[in-house]
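306 is the number of the first residue of the sequence shown in our numbering; add one for each residue after it. Think of the CB as a built atom: it goes at the ideal place given N, C-alpha and C, for glycine as much as any other residue. If you're wondering where the values come from, they're calculated on a predicted model, not measured in any experiment. Notes to accompany the following structure.
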Amino acid sequence: MSDGGILKDTSRSTGRDALQKNVQAAIALSGAIRSTLGPKGLDKLLIDDEGRTLVTNDGVTVLETAKVEHPVAKMIIGASSVQDKIAKDGTTSTVIIASEMLRNAWELVVQGIHPAIIGRGFRLAEQHIVECLDDFAIPGDKKLFEKAAITALDGKGHVAMKETVSRLSLQAINIISQVNSKPDKSKIKIILQTGGVVEHSEVISGLVLAKKRIDLAMPKEIKNGSILLLDGGLERRSFSSSMKLNVSSPGVLDAFRNKERELLFDQVDQLKKLGVNVIACKEGIDDELKSELVKSGIQAFRRVAKGDLDILAKSCGAVLVNDVISATKSNIGSFSSSSNVSMNNLEHWVVKSDGTGATIIIRGSTVDVVGEVERCFDDALGVICQMFEDDRLLPGGGATYIALAKRLRRFAESIPGREQLAVEAYADALEVIVRVLAENGGLDPIQTLLSIVSEQTNNKSSKIGLNLNTGNPEDMVKSGIIEPVGVVRQAIVGATEASISILRIDDVLWAKQEPQMPDLPQN
Ligand code: ADP
Ligand code: MG
């Protein structure tokens with residue numbers, strides 16, 4: 306039936322045609338990042354609209370920076386972004402697996418199998434392997450956590466840097482983690498310092514801020530006190546420029562000034578009443594108040610960045626307030642010590658509390674180096690937080706994906722319908738990780754895949770994968786190439802979700818010109 310011209314400004318593709326184009330988009334997308342996978346993956350140079358450059362081998366960074374227009378490609382990028390948010394790693398793998406699933410699904414469609422059946426088969430396969438993951442997982446300990454963090458950083462720099470980052474990240478998370486709760490990585494403050502070497506980076510227990518108290522006569526150190534965090538300042542109110550003050554008699558101006566001063570000092574009285582020992586403000590503190598604060602034995606800090614106030618609030622259990630007068634006891638936080646120490650000839654404020662915070666001081670030769678190390682810390686901290694939540698680990702180097710594919714093929718035999726073919730296609734898709742790892746390492750992908758499959762069978766071990774440091778199939782746990790269960794599980798779930806939703810699309814309506822897509826052979 307004609308659409309009566311309603312869609313005349315819309316280009317439309319339906320059915321198989323739509324699916325083929327969508328699969329092409331997915332393959333083009335994964336083609337853009339497959340060369341970055343694994344420790345031997347190469348880097349990409351990204352240049353943004355303003356000419357800023359970034360060298361990275363992180364899949365999601367590449368995809369999020371590239372201005373991709375295709376809606377299907379955007380769906381896969383979405384899966385990769387979710388992976389980044391939830392698991393902090395495995396972003397490239399998610400995209401590569403999703404596109405391989407779609408490529409294999411397309412082959413089945415060409416053979417006459419309906420996409421809905423393939424979707425059902427994929428769902429069955431996903432449910433089966435998520436259960437299998439529990440069988441392959443090994444319990445982790447602190448030493449293995451460090452190994453897993455190093456694996457997550459593979460391909461991102463030299464060995465000494467990765468070891469330093471992993472060790473310090475674990476140390477920082479140990480400080481902030483409290484029994485029975487997931488570590489909150491935002492309690493870690495990062496300070497960047499250029500001019501040193503990465504190996505001299507350090508972790509300090511407590512929050513360190515490059516701030517000095519506003520008056521040296523204030524106490525240098527206070528133990529077990531209360532802290533108020535002010536999302537404003539202790540200043541006179543600033544009036545708008547259009548304000549008029551009618552001075553009708555000689556005393557009016559003085560009275561006005563006195564009242565203003567009184568209001569200012571009322572704030573210090575309120576601080577005393579609340580029992581506050583330390584105050585940190587986002588804005589300024591009037592110089593007139595200094596002596597009053599010193600007299601009251603209060604330590605005061607001004608112009609503290611909002612981000613730092615937020616970390617302090619979390620660590621000390623305080624609530625940021627807009628003004629002192631309306632502050633209540635419940636807004637006040639506590640600390641075990643608040644001291645001023647000198648580091649590198651610079652005054653620093655160190656706050657320690659029961660809610661604990663930690664500071665990582667990242668050192669590196671140049672701004673670029675420090676920036677790269679900071680990104681590595683971000684990844685390592687994310688992966689370690691994951692492991693504090695679920696401490697189980699899986700063999701890396703493609704070992705787990707191959708073992709899962711084997712299990713799936715056995716499972717497929719038990720399915721009577723056409724879904725069986727979809728489950729097999731899904732199993733084939735999981736093997737793409739080893740193929741790409743080998744390819745990027747300059748090895749023959751098919752040969753590598755076959756030798757790992759046979760080694761796993763001959764040794765009855767699901768731990769054998771590709772060690773790209775030696776180029777041989779090895780026991781990944783012994784080689785220390787391991788990854789958190791959460792990363793692999795999320796990669797599988799995310800890729801399946803994306804591919805199934807793309808398979809369900811049978812009509813694409815474009816309100817604008819379609820972007821160019823590479824050709825996919827029709828088989
Ligand atoms: P992703 O964005 O998916 O995390 P990476 O480029 O970080 O992509 O590569 C991760 C993959 O590299 C994982 O499958 C991991 O097991 C594998 N890997 C890491 N180190 C090694 C190694 N030394 N040998 C083989 N594979 C490795
Ligand atoms: Mg990774």
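Compute the Euclidean distance between the alpha carbons of residue i and residue j, then round it to the nearest angstrom.
i, j, result
"N627", "V674", "38 Å"
"S553", "L568", "23 Å"
"R339", "K448", "30 Å"
"G602", "M523", "6 Å"
"S531", "G662", "16 Å"
"L598", "A392", "47 Å"
"N828", "E412", "With a pLDDT of 47 at N828, under the threshold of 50, the modelled position of this residue cannot be trusted, and the question is left open."
"K619", "E526", "21 Å"
"C621", "H375", "46 Å"
"L579", "D684", "41 Å"
"V573", "L512", "25 Å"
"S386", "A333", "18 Å"
"T650", "A515", "The sequence given here places Asn at residue 650; Thr does not occur at that position. In a straight line, the C-alpha of N650 is about 11 Å away from that of A515."
"I381", "A800", "8 Å"
"Q432", "Q795", "13 Å"
"A743", "V508", "37 Å"
Might you give, ordered along the chain, the residues of its own chain that have their beta carbon closer than 6 Å to the beta carbon of residue i, omitting 5 neighbours on each side?
i, result
"S804", "A403, M406 and L407"
"K490", "L686 and C690"
"M306", "Bear in mind that the predicted position of M306 carries a pLDDT of just 49, short of 50, making it too unreliable to give a figure here."
"K467", "I455 and L458"
"K528", "S642"
"V655", "G511, V513, S644 and V646"
"C681", "L458, K461 and V470"
Using only the heavy atoms of ligand 1, determine whether one of them is closer than 8 Å to the beta carbon of residue i.
i, result
"P344", "yes"
"I786", "yes"
"N636", "no"
"G687", "no"
"V678", "no"
"L279", "This structure cannot settle anything about residue 279, because the visible part of the chain is limited to 306 through 828."
"A421", "no"
"G747", "no"
"L773", "yes"
"A803", "no"
"N777", "no"
Sorted by chain position, which residues of the same chain lie with C-beta nearer than 7 Å to residue i's C-beta, five sequence neighbours on each side aside?
i, result
"I352", "T358"
"E679", "I495, L497 and I667"
"I478", "P488, L686, I689, C690 and F693"
"G361", "The sequence shown places Thr at residue 361, not Gly. Taken in chain order, the residues that qualify are D348, K349, L351 and V367."
"A330", "H375, V377, A378 and M822"
Could you give the first and the last residue of the continuous beta strand (DSSP E) run that contains residue i?
i, result
"G445", "From DSSP, G445 is part of no beta strand (DSSP E); its letter is neither H nor E."
"E736", "Here E736 belongs to no beta strand (DSSP E), and DSSP marks it neither H nor E."
"D780", "N777 to D780"
"A585", "V583 to C586"
"S471", "Element bounds for S471: not the beta strand (DSSP E) but the alpha helix (DSSP H), V464 to I481."
Using three-state DSSP, classify residue i as helix, strand or coil.
i, result
"M692", "helix"
"N551", "coil"
"E802", "helix"
"N772", "strand"
"G346", "coil"
"P488", "coil"
"N362", "coil"
"L497", "strand"
"V758", "helix"
"D683", "helix"
"S643", "strand"
"S510", "strand"
"I326", "Sequence check: residue 326 is Lys here, not Ile. Three-state result, K326: helix."
"V655", "strand"
"A718", "The sequence shown places Glu at residue 718, not Ala. Here E718 sits in coil by DSSP."
"S766", "coil"
"N627", "coil"
"T399", "helix"
Under 8 Å: does the beta carbon of residue i sit that close to some heavy atom of ligand 2?
i, result
"K395", "The residue asked about is misnamed: residue 395 is Gly in this sequence, not Lys. Yes - ligand 2 has a heavy atom lying nearer than 8 Å to the Cβ of G395."
"A384", "no"
"D489", "no"
"D459", "yes"
"D659", "no"
"D684", "yes"
If you drop the 5 nearest sequence neighbours on each side, which residues of the same chain put their C-beta closer than 8 Å to that of residue i?
i, result
"G356", "none"
"V414", "R321, L324, P420 and I423"
"D389", "V365 and T396"
"A442", "R697, L698, L699 and V790"
Can you tell me where the alpha helix (DSSP H) with residue i in it begins and where it stops?
i, result
"Q876", "The question about residue 876 has no answer here: the residues shown for the chain are numbered 306 through 828."
"A560", "V557 to L579"
Is there a Cβ of chain D sitting closer than 9 Å to that of residue i, yes or no?
i, result
"N764", "Annotation note: the requested chain D is absent from the structure, which comprises a single protein chain."
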